[in-house]
Structures are given as C-alpha cells and as structure tokens.
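In this note's numbering, the protein residues as written are 90 to 282.
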C-alpha cells in the first residue's frame, strides 16, 4: 500500500485538521485557524468517500469522535501550560470553585432585618450582611427574622414570633425591643416607701 493513496491522504488531512483545531485553542485567531481545520476535515471526508462508501463512513465516524476529543484534550491541557497560565491567570483553588455554597447552612439561623423588605432586602446574620427575600410579608428594619429556606442564591426569611423574637433581639443586642419582664424589673406602680 502506497502512503499517498486515498486512505493516506484522508489520514493526513484529518490529522492536520485535528492539529489546527488544537492550535485554535492555544492561538486565538478569530476563527481563521478553525476555518482551515474545517476545510481539512471536509477534504479528508471527500478523499475517503472517493475511494469507496465504507471508507467514507469509517472516516466520518472517526472525524466525529477524533475532532471533539482532540479539542477537549486541548482544553484540559491548556490551563497547565505556560501560555495557558499567561492567558488565564492563576487557576482558582478547589474552595473557590466549590459549587456547594455556604448559604445552605443558613437554614434555621436567626438574624435581624437591616432594611425594609418589600419583599427583598438585607439581613444581618452572624455578623454578615446577606441579601434575602421575605415570605410574602413586608418586614420592617430591626425585626428579628429566621431563615426558612435557601433556593440557589435566594435566602428566604420570615419574621420571628413571640419568645423566638425576644431571644433573637437579645442575641443581636436589641435591648429596647424586649419586654420589661425579661429584665426582672418589678412593677413601677407601687409607691416608694
């Protein structure tokens, strides 16, 4: 078998197309290199189909697998090369990329509304200001709230009620919000004797 028969040319065109696709990943050219890679794939398929239908179908299958696999491998390797580091900068750490947001840990936590929530506003929870949404009710600033749900990036809160509200107010330093009985003061109606 002579290397320059139709199969040899088809292999050469397909390998060149894969190489050009990898170069497009490493050298941004605005699509010029990608155009030549596409021409290489088409030339490979034309030469393969001119030989016979079976060879053409085989090269179509190989092209459908080889080109995307080569591009995926290039993208996987790119961030670890010196040129990739120059383009992309320093790779983020695993903690920065972690899709699990710490907001999920907020469910059940208590805080204080810092702005008027109609229905969205800001809430102070554990010393951190967080954007939150109330459950349908407007919440006044300074009202104790409880986180009831976290959906994606949305933190849902409700106003705290009764003893729960007094406990949260004391916890967050809102002394004036608490009833007098909580301080253990006696009734002022008795005259001083």
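Where a beta carbon is used, it is the ideal one built from N, C-alpha and C, also for glycine. Bear in mind that the values here come from a model prediction, so they are computed numbers and not experimental data.
Between 241, 206, 218, which has its C-alpha nearest residue 226's C-alpha?
As a first step, residue 226 is located in the chain shown; it is residue number 137 there, counting from the start. Restricting attention to 241, 206, 218, the CA atom closest to the CA of residue 226 is found in 206.
Alpha carbon to alpha carbon, what distance is there between residue 178 and residue 235?
Reading the chain shown from its first residue, position 146 is the one you call residue 235. Reading the chain shown from its first residue, position 89 is the one you call residue 178. Whole-angstrom Cα-Cα distance: 41 Å.
To which residues of the same chain is residue 249 closer than 7 Å at the C-beta, ignoring the five residues directly before and after it?
As a working mapping, residue 249 is identified with position 160 in the chain shown. These residues qualify, in order along the chain: 199, 233, 234, 235, 257.
Distance, Cα to Cα, residue 146 vs residue 133?
On the chain shown, residue 146 is found 57 positions in, with the first residue counted as 1. On the chain shown, residue 133 is found 44 positions in, with the first residue counted as 1. Roughly 11 Å separates the two Cα atoms.
Report all residues from its chain with a CB closer than 8 Å to the CB of residue 245; omit the five preceding and five following residues, and keep chain order.
In the chain shown, counting from the first residue as 1, residue 245 sits at position 156. Taking C-beta separations shorter than 8 Å and ignoring five residues to either side along the sequence, the partners of residue 245 in its chain run 221, 222, 223, 224, 236, 237, 238, 239, following chain order.
Reduced DSSP secondary structure (H/G/I, E/B, other) of residue 222
To locate residue 222, count along the chain shown from 1; it is residue 133. If DSSP states are grouped into helix, strand and coil, residue 222 belongs with the strands.
With DSSP run on the structure shown, which of helix, strand or coil describes residue 228?
On the chain shown, position 139 is the one that residue 228 refers to. Under the three-state reduction of DSSP output, residue 228 falls in the strand class.
In the DSSP assignment, find the alpha helix (DSSP H) that holds residue 160 and state where it starts and stops.
For the purposes of this step, residue 160 is identified with residue 71 of the chain shown, where counting begins at 1. From DSSP, the alpha helix (DSSP H) with residue 160 extends over 142 to 166.
Figure out for me which residue from 195, 98, 125, 119 has the closest Cα to the Cα of residue 139.
The count along the chain shown starts at 1 and reaches residue 139 at position 50. 98 is the residue among 195, 98, 125, 119 whose C-alpha sits nearest the C-alpha of residue 139.
Opening and closing residue of the beta strand (DSSP E) in which residue 113 lies
Sequence index remark: in the chain shown, residue 113 carries index 24 (1-based). Premise fails: residue 113 lies in the alpha helix (DSSP H), 95 to 115, not in any beta strand (DSSP E).
With distances taken Cα to Cα, identify the nearest neighbour of residue 243 among 107, 108, 171, 211.
The residue given as residue 243 occupies position 154 in the chain shown. Among 107, 108, 171, 211, the Cα nearest to that of residue 243 belongs to 211.
Classify residue 218 as buried or exposed, calling it buried when 16 or more other Cβ atoms lie within 10 Å of its own Cβ.
Mapped onto the chain shown, residue 218 falls at position 129. It is exposed - the Cβ of residue 218 has fewer than 16 other Cβ atoms within 10 Å.
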